[in-house]
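Structure record follows, encoded as C-alpha cells.
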Amino acid sequence: MIDADRPAVILAPMEGVTDAPMRALQGELGGFHFAVTEYFRINQSRPGTKALGRHMPELSNQGRSVTGLPVQMQLLGGDPDRLAQAAEMAYRLGAWGIDLNFGCPAATVNRHDGGATLLKYPHRIRDIVRAVRQALPAAIRVSAKLRLGWDDLAAIDTNADMAAEGGASWLTIHARTRMQGYAPPVYWTRIAQVRRRLGIPIIANGDIWTLDDLRRCRDETGCQHFMLGRGALADPFFPRRAARFLAMGRFEVEESGPIDWHALMTRLVFWTQRLEPRALPRVGLRMKQWLRYAAVHGGFAEFEAVKRCRSADEILELLRARAVPSKGVGYAETQVMRA
Ligand SMILES: Cc1cc2nc3c(=O)[nH]c(=O)nc-3n(C[C@H](O)[C@H](O)[C@H](O)COP(=O)(O)O)c2cc1C
C-alpha cells in the first residue's frame with residue numbers, strides 16, 4: 005500500500021473517533037491514501053470472527069470502505085502467538101494488511117501489556133512483528149506504529165531497528181514519547197535519523213495541522229509519507245490539500261468558501277445510520293468531539309453554543325440555522341507554497 009516513490013497521506017487510527025462511519029466519510033472527502041482502524045485489543049482469548057467483523061466491517065469489502073478508502077486493521081497486544089492468530093484470522097476475513105500498535109499511552113492498556121509498554125522491550129517488538137509476519141502470506145503487509153520511546157527519545161533507534169528486523173514493511177512514528185502524552189514538542193528530527201538508517205518507508209506523524217507544518221515535517225524528516233489525525237478533524241479538507249501539495253510539490257489557493265459543517269455532520273449521521281446504527285445514540289457526542297478539534301485548532305467559532313446542545317438533532321439545527329462559516333479553516337494558506 006505504501007509505495008516508496010509515491011507520497012501518501014494516511015488517516016491516523018483514533019479510538020472512539022475513526023470508526024467505520026468516520027472512515028466512510030473520510031473516503032468521501034478524499035485525500036487519504038488509506039486509513040488504519042482504531043486498535044483491536046488482543047488479550048487472553050482468541051477473538052471471534054464476529055468481533056473482528058464488527059470492528060472492521062470493511063473486511064467484507066476486500067478491506068475498503070463503501071466509499072472506496074482502503075482500510076488497514078490495527079492490532080494491539082503483547083503476546084506474539086495470539087497476535088499472529090488474530091492477524092491470520094483477519095487475513096482470512098479479508099484484511100490486506102495488519103498494523104501493530106506500539107504507541108498507545110493509555111494506562112489501562114499499558115498495565116495489560118499493550119501499546120507503548122512494549123517500547124521498553126525492543127526484542128519483544130521484533131518477536132511480535134516477526135510472529136505476525138510469519139503467520140501471513142508475503143503479499144499481506146505488516147507494519148508497526150511506534151512512539152519514540154517510553155520516556156527516552158533515543159529509544160526509537162533500537163525499537164525501529166527491531167521492528168524492521170521482524171519484517172515490517174513500513175513504520176509509522178509518532179514523534180513523542182509515551183510520557184509526553186500529547187504535550188509539545190514533537191521531535192520530528194528523530195524520525196529523520198531512523199529513515200536514513202533503515203531501508204523501509206517511514207510515515208511521519210504528530211502535530212501536522214497545516215500545510216506549513218507538513219512542509220516543515222517533510223523537510224526535517226525527509227519523509228514522503230505522513231499520517232494525519234487531529235489535523236484532519238480540525239480542518240476536514242486539509243488531507244486533500246496535503247495530498248495535492250505532496251503530489252504536485254506546490255499548492256495554490258482554492259477559493260472554495262467556508263466549510264459547511266452542517267453538511268459534514270449530516271453525512272456523519274448518514275454513515276452511522278447505515279454502518280453502525282447501534283452508535284446512533286452517541287452520534288451527538290461524536291459531533292461535539294469533532295467540533296471541539298475544529299474550535300481549538302481550526303476556525304470553528306460556534307463551539308460554546310454546540311456544547312449546550314442536548315442531542316444530535318439540536319446540533320444539526322444549530323449548524324443549519326447559523327450556517328456557520330468557519331473563517332480561516334481550510335483556506336488559511338493564502339500563499340503559493342513551493343516544495
Ligand atoms: C482520541 C485519539 C485516539 C487514538 N487512538 C489510537 C489508536 O487506536 N491507535 C493508534 O495507533 N493511535 C491512536 N491515537 C494516536 C494517533 O493515531 C496519532 O498518532 C496522534 O494523534 C498524533 O497524530 P496527530 O497529531 O496528527 O493527531 C489516538 C489519538 C487520539 C487523539
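In this note's numbering, the protein residues as written are 5 to 343.
We put the CB at the ideal spot given by N, CA and C, even for glycine.
These numbers come from a predicted model, not from an experiment.
query: Heavy atom of ligand 1 within 7 Å of V75 beta-carbon; result: no
query: Rounded separation between V21 and R290 - CA only; result: 7 Å
query: Cβ-heavy atom distance, I319 to ligand 1, below 7 Å; result: no
query: Cβ-based burial, M77 [other Cβ within 10 Å; buried from 16]; result: buried
query: 8 Å Cβ cutoff met for V13 and L87; result: no
query: Cα-Cα separation between F274 and A267, rounded to whole angstroms; result: 10 Å
query: Euclidean distance between Cα positions of T176 and D7; result: 14 Å
query: 4-residue-minimum alpha helix (DSSP H) runs that sit fully inside the stretch 93 to 125, ordered along the chain; result: 111 to 115
query: Among V287, W100, A283, R194, the one whose alpha carbon lies nearest that of P141; result: W100
query: Helix, strand or coil at T225 according to DSSP, with G and I counted as helix; result: helix
query: Whole-angstrom distance between L232 and F241, CA atom to CA atom; result: 12 Å
query: L232: CB within 7 Å of a non-hydrogen atom of ligand 1; result: yes
query: Under 8 Å between C-beta atoms of L79 and N105; result: yes
query: Span separating the alpha-carbon of G235 from that of L250; result: 16 Å
query: Rounded C-alpha distance that separates H229 from A28; result: 21 Å
query: Enclosing beta strand (DSSP E) for H178 [first to last residue]; result: 174 to 181
query: Cβ-heavy atom distance, N163 to ligand 1, below 7 Å; result: no
query: Beta-carbon proximity of G226 to A196, cut-off 8 Å; result: yes
query: Where Y43 falls: helix, strand or coil (DSSP); result: strand
query: Beta-bridge pairing of M231 - partner residues as DSSP gives them; result: I14, N209
query: Beta-carbon separation (whole angstroms), G67 vs P74, contact threshold 8 Å; result: 6 Å
query: heavy atom of ligand 1 below 7 Å from Q78 C-beta; result: yes
query: Element boundaries [alpha helix (DSSP H), containing V310]; result: 307 to 312
query: Distance between beta carbons of P51 and L279, contact taken as under 8 Å; result: Actually they are not in contact, since the Cβ atoms of L279 and P51 sit about 20 Å apart, beyond 8 Å.
query: Cβ neighbour criterion (16 or more within 10 Å) applied to M166; result: buried
query: V133: CB within 7 Å of a non-hydrogen atom of ligand 1; result: no
query: Local Cβ density within 10 Å of N209, reported as buried at 16 or more and exposed below that; result: buried
query: CB contact flag (W174, I129, <8 Å); result: no
query: Extent of the continuous beta strand (DSSP E) run through M77; result: 75 to 80
query: D211: CB within 7 Å of a non-hydrogen atom of ligand 1; result: yes
query: Three-way DSSP call (helix, strand, coil) for S69 in this model; result: coil
query: Limits of the alpha helix (DSSP H) - the one that R248 falls within; result: 242 to 252
query: Spatially closest choice to Q146 from A168, I160, P126, by CA coordinates; result: According to the sequence as given, residue 146 is Val; it is not Gln. Measuring from the Cα of V146, the nearest candidate turns out to be A168.
query: Member of M93, G34, C108, P84 whose CA lies at the smallest distance from the CA of M18; result: C108
query: Selected residue, minimal CA-CA separation from T91, among M60, E224, T71; result: Note that residue 91 is Ala in the sequence shown, not Thr. If we check each option's Cα against that of A91, M60 comes out closest.
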